[in-house]
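Just so we're aligned, residue 893 is where the sequence shown starts under my numbering, counting upward by one. Heads up, the beta-carbon is just placed ideally off N, CA and C, and yes, glycines get one too. All of these numbers come straight from a predicted model, not from anything done at the bench. The next block holds one structure in the form of structure tokens; read it before the comments.
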Amino acid sequence: MHAQYFGAVGAILYNDPANYAPLGTEPDQVYDQKWYMPSSGVQRGSAFTSNGDPLTPIYPSTEDSISFLPRIPAQPIGYSEAEVILQYLQGIEVDAEWRGGLRNVTYRYGGELRDASSIELKSYNRLERKDTYNVIGIMKGEIEPDRYIVLGNHRDAWNLGSVDPTSGTATMLEITRVLGQMYKNGFRPRRSLMFCSWGAEEYGLIGSVEYVEVPSAYDPDGQTIYDKWMKADRNPVTNEPKTMGQFWGILALLLSETPILQFNVTRYTTALMEAMNNLQPKDPRVLDPLRNAINDYSKAAQDFVTRSKSMDSENPYEIRIYNDQVLQLERAFLNPLGQGRDYTDFKHIIYAPAKGNQYAATGFPAVSDAIASGDSTEINNQVAIAAYFVRGALSILKEVHHFFSNY
893 MHAQYFGAVG
903 AILYNDPANY
913 APLGTEPDQV
923 YDQKWYMPSS
933 GVQRGSAFTS
943 NGDPLTPIYP
953 STEDSISFLP
963 RIPAQPIGYS
973 EAEVILQYLQ
983 GIEVDAEWRG
993 GLRNVTYRYG
1003 GELRDASSIE
1013 LKSYNRLERK
1023 DTYNVIGIMK
1033 GEIEPDRYIV
1043 LGNHRDAWNL
1053 GSVDPTSGTA
1063 TMLEITRVLG
1073 QMYKNGFRPR
1083 RSLMFCSWGA
1093 EEYGLIGSVE
1103 YVEVPSAYDP
1113 DGQTIYDKWM
1123 KADRNPVTNE
1133 PKTMGQFWGI
1143 LALLLSETPI
1153 LQFNVTRYTT
1163 ALMEAMNNLQ
1173 PKDPRVLDPL
1183 RNAINDYSKA
1193 AQDFVTRSKS
1203 MDSENPYEIR
1213 IYNDQVLQLE
1223 RAFLNPLGQG
1233 RDYTDFKHII
1243 YAPAKGNQYA
1253 ATGFPAVSDA
1263 IASGDSTEIN
1273 NQVAIAAYFV
1283 RGALSILKEV
1293 HHFFSNY
């Protein structure tokens, strides 16, 4: 859509060896001698930069709405073919951070093709509307049936899918089988367990996004279980599916069966501060409202932890209040309006893709985009919005009858 907006009649995409063949591009440095992409390799994927149904984002699909679909073709090629095209470009040289790993290429910002050459792009894609299905199974909770622990994995693949997604699908099916057998033997979960097989993930996370709007983010603190497992097991590959299944199943049971939800609200203080410190405005003082809000959140989180230590763990009402606050905390960071007028489907104020980095989540993406634009008014506006939601989160952690009070 961006290429179309700026007047392009087509888009040719390739994976540069700087990212996909870091050892080099010789035959013994790529597949099938190594696991890196060979020169003829073409990445499978979706050129759609958003998530979910592209016809009517946030709403159910209709056959008539195509306003969000690009009107120009996009074609991926291998980097050996891309090298030929790049050698014909006559634009100015790119900055150092834009240079890739093709040895015989001077990377340039577009420009006319030399020798009055032209490129003919033929695309044989067809615009079709297809049905896709999510397969959902629910094991109803006995005490808190209205609270759900969701286990999910997509099942579609670009190729045979032995790693992505069949490894995850097989693991989830085994967990489902084991828990199903436990259910037959009398086990009843405290909270409901939901097992989800998502469809059409490769086309922009369509299956899961149409079911829920915002993914969760997890930033490991120090060593993860995976790190420790890799050190303990010298040959982990053959045991990986079994180990992952055991970990996944135990985690599901912990979330389902533990009366008091185990969530460290103080870790968000570190995450918020790290995300803010990664922002690089020309004048650091512009971030003061956000910094002050994070400091206030830190105090509220510490107070929450202190109160929780004196909670009556035998009182189901106190437990419910505590769990409700923990559950609502993450939701407090969701902006119903999204990250902007043309970015409404990414709603998490902290963890969401920025416009300049759509493949990975960044900290405070709307603030990051505003800083990149250089618009001081927009920077102040987005900082104020971010600070507002951080303060909304800290109000969740206050005592339930004191949430109107100020720090």
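List the DSSP bridge partners of residue i.
i: Asn1045; result: Ser1089
i: Gln1308; result: The structure shown does not extend to residue 1308, since the chain is modelled only from 893 through 1299, so no value can be given for it.
i: Leu1005; result: Leu981
i: Ile1028; result: Cys1088
i: Phe1226; result: It should be pointed out that residue 1226 corresponds to Leu in this sequence rather than to Phe. Answer is His1240, bridged to Leu1226.
i: Arg891; result: One cannot answer for residue 891 here, as it falls past the ends of the chain, which runs 893 to 1299.
i: Gly1137; result: Looking at the DSSP assignment, Gly1137 forms no beta bridge with any residue, so it has no partner.
i: Gly1255; result: Tyr1243
i: Arg1000; result: Glu985
For residue i, tell me which candidate among the options has the shortest Cα-Cα distance.
i: Leu1229; options: Gln1220, Ser1200, Lys1239; result: Lys1239
i: Tyr971; options: Leu1286, Val1282, Ala910; result: Ala910
i: Ala1083; options: Leu1145, Thr998, Tyr928; result: Note on residue identity: the sequence assigns Arg, not Ala, to residue 1083. Checking every option, the nearest Cα to that of Arg1083 belongs to Leu1145.
i: Lys1174; options: Pro1245, Phe1225, Ser1268; result: Ser1268
i: His894; options: Ala939, Arg1159, Glu1291; result: Ala939
i: Glu1094; options: Gln1231, Lys926, Gly944, Ser1265; result: Gly944
i: Leu961; options: Ser931, Tyr897, Glu1066; result: Tyr897
i: Pro1081; options: Leu1052, Ile1067, Pro1037; result: Pro1037
i: Pro914; options: Val901, Met929, Gly902, Asn1169; result: Met929
i: Ala1244; options: Pro1176, Ala1167, Gly1266; result: Ala1167
i: Met1015; options: Gly1232, Asn1227, Gly902, Leu1147; result: Note that residue 1015 corresponds to Ser in the displayed sequence, not to Met. It is Gly902 whose Cα lies nearest to the Cα of Ser1015.
i: Ala1192; options: Ala1008, Arg1159, Asp920; result: Arg1159
i: Leu838; options: Val1157, Pro1181, Asp1180; result: Any property of residue 838 remains undetermined from this structure, which presents the chain solely from 893 to 1299.
i: Ser1009; options: Gln1231, Thr998, Glu989, Gln979; result: Gln979
i: Ile1011; options: Trp927, Lys1290, Ala900; result: Ala900
Give a yes or no on whether the C-beta atoms belonging to residue i and residue j are separated by under 8 Å.
i: Asn907; j: Pro965; result: no
i: Pro1057; j: Arg1047; result: yes
i: Tyr1336; j: Gly1091; result: Here the chain has residues from 893 to 1299 only, and residue 1336 is not among them.
i: Arg936; j: Trp1050; result: yes
i: Pro968; j: Leu905; result: yes
i: Val986; j: Arg1000; result: yes
i: Leu1164; j: Val1282; result: yes
i: Ala1224; j: Ile1288; result: yes
i: Phe1256; j: Ile1271; result: no
i: Val1178; j: Val1027; result: no
i: Leu1005; j: Leu981; result: yes
i: Gly1003; j: Gly983; result: yes
i: Gly1141; j: Ile1067; result: yes
i: Ala1185; j: Ala1262; result: no
i: Thr1161; j: Ser1190; result: yes
i: Leu1221; j: Ala1264; result: no
i: Met1031; j: Leu1071; result: yes
i: Ser1059; j: Pro1133; result: yes
i: Ile1211; j: Ser1202; result: no
i: Ala1246; j: Thr1236; result: no
i: Gly1137; j: Thr1063; result: yes
i: Ser931; j: Thr917; result: yes
For the alpha helix (DSSP H) containing residue i, list its first residue and its last residue.
i: Pro1173; result: Note, Pro1173: premise wrong, no alpha helix (DSSP H); not H, not E.
i: Asn1017; result: That residue, Asn1017, is in no alpha helix (DSSP H); it is neither H nor E in DSSP.
i: Phe1155; result: No alpha helix (DSSP H) holds Phe1155; DSSP gives it neither H nor E.
i: Lys926; result: Taken as a continuous stretch (DSSP letters only), Lys926 belongs to no alpha helix (DSSP H), as it is neither H nor E.
i: Thr1068; result: 1058 to 1076
i: Val1282; result: 1268 to 1288
i: Ser1200; result: 1180 to 1201
i: Tyr897; result: 894 to 897
i: Tyr912; result: 909 to 912
Are the C-beta atoms of residue i and some chain D residue less than 8 Å apart?
i: Leu1065; result: The chain inventory of the structure shown lacks chain D, comprising one protein chain alone.
Does the beta-carbon of residue i, which I'm using as the reference point, lie nearer than 7 Å to any heavy atom of the ligand HEM?
i: Val1157; result: The model depicted lacks the ligand HEM and carries no ligand whatsoever.
At least 3 beta-carbon pairs within less than 8 Å: the stretch 1085 to 1093 vs the stretch 1038 to 1046 = yes
key: Segment contact, 8 Å Cβ cut-off, at least three pairs: the stretch 1191 to 1202 with the stretch 1020 to 1028   = no
inquiry  = Measuring CB atoms only, is the stretch 1210 to 1222 touching the stretch 1149 to 1160, in the sense that at least three cross pairs come out at less than 8 Å?
reply    = yes
message = I want to know whether the stretch 987 to 999 touches the stretch 961 to 979 - three or more CB-CB distances under 8 Å.
response = yes
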